[in-house]
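Scroll down for the structure; my scribbles are underneath it.
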Amino acid sequence: MQTAKDTVVTVNYKLSDAQGNLIEESSEPMVYLHGGYENTLPAIERALDGQQPGYKTRIQVEPEEAFGEYDADLVKVEPRNRFPADTQVGMQFEGVPDNGSDGEAMIFTVTDIADDKVVLDGNHPLAGMALRFDLDLVDVRAATPEEVAHGHVHGAHGHHHGDDDDFGDEGDQFRTVPLQ
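In the working numbering, the protein residues as written are 164 to 343.
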């Protein structure tokens with residue numbers, strides 16, 4: 164079966180930077196609903212569209228088509244006392260950027276901790292990077308009507324990149340204040 168709109172695609176992937184340094188290799192294949200449901204990057208969908216299982220390809224995706232350009236305005240410094248005592252570099256918190264946007268909550272990653280300050284970065288860890296994906300198309304099946312209606316794959320296996328982020332519950336929500 165060919166990859167087309169409303170098919171469920173199983174693909175093994177290897178993600179590297181443009182220099183070929185490995186960032187992530189799938190231990191489990193990515194399983195997603197194909198056809199513009201924003202379950203994976205549009206460039207991946209284009210690369211796999213109309214292909215059959217067994218197809219392998221390597222694509223390079225520029226930052227604007229991947230996780231965006233790096234935005235220095237998304238780096239913030241907050242008072243240390245607003246965070247739990249066990250806060251560590253790498254932890255993620257949900258917060259609201261103070262750039263006058265409509266207050267959409269974002270995920271910030273702690274990148275540095277000083278005596279009385281915590282540095283947070285709201286950029287995606289892969290922002291600003293050109294990415295190279297090695298794709299290995301494993302399986303294609305017709306999506307169920309329910310999957311199409313919901314816009315994503317159902318079933319125990321397969322994870323999708325989407326609204327159900329993988330950040331878990333570490334980190335309480337906090338509202339940020341504009342900094343001087």
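Backbone N, C-alpha and C define an ideal beta-carbon position, used for all residues, glycine too. Source: prediction; values computed, not measured.
Query, Result
"Cβ of Asp212 within 9 angstroms of any chain B Cβ", "Judged by its chain identifiers, the structure shown contains no chain B, having just a single protein chain."
"Residue range of the unbroken beta strand (DSSP E) whose run includes His188", "The sequence as given places Glu at residue 188; His does not occur at that position. Note, Glu188: beta strand (DSSP E), Leu185 to Glu188."
"Val273, DSSP secondary structure in three states", "strand"
"Met193 and Tyr176 closer than 9 angstroms at C-beta", "yes"
"Cβ-Cβ distance between Val171 and Tyr195 below 9 angstroms", "yes"
"As assigned by DSSP and simplified to three states, the class of His323", "Note that His323 scores 40 on pLDDT, short of 50, meaning its location in the model is unreliable; the coordinates nonetheless yield the value given after this. Correct three-state label for His323: coil."
"Test item: CB-CB of Lys219 and Arg243 under 9 angstroms", "no"
"Helix, strand or coil at Asp284 [DSSP, three-state]", "strand"
"Three-state class that DSSP yields for Pro242 in the structure shown", "strand"
"Buried versus exposed, by CB contacts within 10 Å (16 or more), Val174", "buried"
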